[in-house]
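Residues -28 to -1, 1 to 653 in mature numbering (1 follows the signal peptide of the UniProt record, and there is no 0) are what the sequence shown spells out, letter by letter. C-beta: ideal position from N, C-alpha, C; glycine also.
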Amino acid sequence: MISLLDLPIEIVLLIIDSLFSQFAATESSNNDASIATQKDINSLSQTNKWLYERLETRLYKFNAQYCGQTSLAFGASRGYDTVVQRSLAVDSSNITRDLRFPTRDCQIFHSPLCWAVQGGHVSMINTLLQSGADIHGECAHHRCDAQLLGQAARNGHLDMMKDLVRRGLRPEIMWETNFANLMGDEPARKATLRLAAEGGHISCVDYTLAMGEYENLTCKQYMHKIALIVPATVANGHIECALFLLSRSGILERTGFCNCGGKPARSLASNLPKLAMTLEDPHTMEKYGPMILYLGAATGCPPLVEEMVRLGVHVDTRFHGGNTPLCLAVIEARAPEEVKKLLELGAGINVGNSQNQTPLYFATLLRLKGVMKMLLDKGADTEARGTRSRIAQTPLCLAVADFGVPVSNTNYPRRPSRSSSNEIVSLLLENGANPNYADPEFGITPLWLAVRRYSTLRPFSRDGLVRLLLEKGADPKLASRNQSILFWAISHCHCDTIKILLDCGANPNDYARNFDDSKTHRSGKPLSPLAKAMKLKHYGVAELLLDHGADPLVSHWKKETSILHATRSMNCSFIEKMIATGLDVNESVMGQTPLHMAVWQGNVEVAELLLRRGADPNLAVGGTSCYSSKSILWWVFYCSYPSGAAMVELLCAYGARELYDTSVYTDGLAPKFVPPVSGYL
């Protein structure tokens, strides 16, 4: 029997060419048949060296014409440089097209460059690029869900990633969602970081984050670009990689992490045995244990917290800003039950952060009445002082300082609603909060805060708060920064508040040093409450102070508390009360008397009050001062106001004499004609 090898070479080649032609005519659309034929011819070529040398070129041509040039995909994926070069020598037009891997029933298509990247063959990249491959191109086939850098990350090829970055590629950042694709017809494209994490390649995750693409993210961006990657990583069984991703992405510095940390926390809690196994190594536990405790406390995941405490993480571990897990749970507005669980695990109820702000302090700040009540029932210290803006404040001071200020709940729609300020203050007072606590540096008390200037309260709300504090024992005589609470209220004209303070025992004659010298009398003596009220022209407040025993006769503030100054109010009730204290109704300041002031203002009622109390209608205005010396009747005529006739009649009735007095200084002017008094009567 004659074998194929016994035939002349020319005949053998003719037979093979005939087989190729016959296959081309009958099997042009059958890929499986073409692969089978290619396999048979390949086997034939490998029977001996002679046949291989004759058939190799024809085999590559057959592969390019009938098999989709799978040899190029095969060589690129396996790193066979010779195979790639011979395949390209036959046909280089497919260098940028998607090619199928030469495996039966394989439906995965990638470009040659993509196959090389997946294989991790750095040297193959140069070969393909020199042959016309586009490093910035993408696989056109819908099955490819990542660009070249993502393919390298998915397969854990760190050196390939570095080479691609050196060539100008950057990580792809995607907006992660819970859905593969909103239309459901094809897989979603995945970010480079997600591909590295899902594959469990920690070095690739670290390299991707180190490129700086994920820096300075907002909380919402953090959620959709990093946090949602963790559940998929855990689902793939790569828990340590998920923990590395969380630690590397700065979770401990994010106090607002609760909005985006729920899914990572629940994913870790879903497989606690494997998590415990991952943390068996002491180094791994030291590295990730506190972070997991933080995650569980901040996001309200008790199983995760319990597991970490069971594994040996201290329940009062301090995190960013010195906050403990219990502080974090309150800051993130967790439910009272979640906070209570931490207490049951041994959390310190009065352990504060770096500013000594305790859990009760934070609960008060956020007005979480349910959490506050639970903490108070468990023994929280109402006098623990936390520092805010350099001021040491107890929870009561904090509640009063922010009384009425709205607290937004938009970031926590599923969290407990905020209680009213009045309920918070009442709860603290009922549980023994000291209403007379004073800040050691500034002397600020809750009552002082209740009457401060820059309050956002309506007056009735402020008055109700002041009344509540006074009913619970607040002392209105305490001073802040050497300034009495009453003086502060007078400075800002809180009339109703002033009345409440006076009714509760505030001393209207108790003055103290003010904030600065600008509020001190030029004599060097600080102003009294009455002098301050009159200096500010708060005459209603001044009258209120008189009603409660304020003394206007102190010589230090003679100018501020003079009867002349009081007359400027044109308030008969107030003026009469000032006269009743013993002030001289004919007191003159630079030639002006209270009666002159009333005449100039045309206020007949005030003028009559002064005359009835002994004012002299014949005192000339100015005397020998810089003012012209005119009788008071002359000034009535000169001012020409509607009530002039009544004013003249009143003055004459109380003994006013001539219109013009020639016996005193007249500035050297000749007397002018003035109609007789009878013309006005």
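- Judged by pairs of C-beta atoms under 8 Å, the segment 401 to 415 does not touch the segment 304 to 323, as fewer than three such pairs exist.
- The beta carbon of E252 sits closer than 8 Å to no other beta carbon from its chain once the five residues preceding and following it are set aside.
- Its chain contains A45, A48, S49 as the residues whose beta carbon lies nearer than 6 Å to that of W87, once the 5 sequence neighbours on both sides are disregarded; these appear in chain order.
- G351 carries a coil assignment under DSSP once its states are collapsed to helix, strand and coil.
- Contact check for L267 and P236: beta-carbon distance about 7 Å, within the 8 Å limit, so the pair qualifies.
- Only residues of its own chain outside the window of five on either side were considered, and among them A269, V277, V287, P297, L298, A301 have a CB closer than 8 Å to the CB of L314, listed in chain order.
- For F291, the three-state secondary structure derived from DSSP is coil.
- Within its own chain, the residues whose Cβ lies closer than 7 Å to the Cβ of R139, once the five positions on either side in sequence are excluded, are I107, listed in chain order.
- Note that the C-beta distance between N558 and L591 is below 8 Å.
- Put simply, of S239, A503, N543, A478 the residue whose alpha carbon is nearest the alpha carbon of H520 is A478.
- Going by C-alpha positions, D131 is about 8 Å away from V94.
- Shortest Cα-Cα distance from L347 to any of D411, T99, A307, D468 involves A307.
- Around the beta carbon of G209, fewer than 16 other beta carbons lie within 10 angstroms, which makes this residue exposed.
- Scanning its chain for C-beta atoms nearer than 7 Å, with the 5 sequence neighbours on each side dropped, one finds around T533 the residues L502, A503, M506, P524, in chain order.
- Apart from the 5 residues on each side of it in sequence, C213 sits with its Cβ closer than 6 Å to the Cβ of A169, G172, I174, T205 in its chain, given in chain order.
- Shown here for E316: not one same chain residue has a beta carbon closer than 8 Å to its own, the five before and five after excluded.
- In this structure, V571 sits near W607, with a CB-CB distance shorter than 8 Å.
- Among the bridge pairs identified by DSSP, G358 is matched with Q365.
- Here L121 really is in contact with T164; their C-beta atoms are around 5 Å apart, less than 8 Å.
- With 16 or more other Cβ atoms inside 10 Å of its own Cβ, K162 counts as buried.
- Straight-line measurement puts the Cα of T256 at about 31 Å from the Cα of L136.
- Per the coordinates, the alpha-carbon of C369 lies some 29 Å from the alpha-carbon of T271.
- Looking at K341, L(-15), S393, G554, the one whose alpha-carbon comes closest to that of L437 is S393.
- Within the segment 253 to 318, the complete alpha helix (DSSP H) segments at least 4 residues long are 254 to 271, 274 to 282, 297 to 303, 308 to 316, listed from N- to C-terminus.
- When L518, C476, A522 are compared, the shortest CA-CA separation from D482 is found for A522.
- According to the DSSP assignment, I174 belongs to the alpha helix (DSSP H) that extends over 174 to 182.
- Per the C-alpha coordinates, the member of T336, P143, Y38 positioned closest to Q119 is P143.
- Between L338 and A305, the beta carbon gap of about 6 Å places them in contact (Cβ cut-off 8 Å).
- S95 sits in a helix when the DSSP states are folded into three classes.
- With contacts defined as CB atoms closer than 8 Å, A364 and P331 fail to qualify as a contacting pair.
- Within the same chain, no residue comes within 6 Å of R30 by CB-CB distance, once the 5 residues on both sides are set aside.
- According to the DSSP assignment, F546 belongs to the alpha helix (DSSP H) that extends over 544 to 552.
- Going by C-alpha positions, L555 is about 33 Å away from R424.
- Comparing alpha carbon positions, the residue from A446, D475, P84, L244 closest to A207 is L244.
- As the crow flies, the alpha-carbon of S456 is around 19 Å from that of K444.
- Contact check for A335 and V343: beta-carbon distance about 4 Å, within the 8 Å limit, so the pair qualifies.
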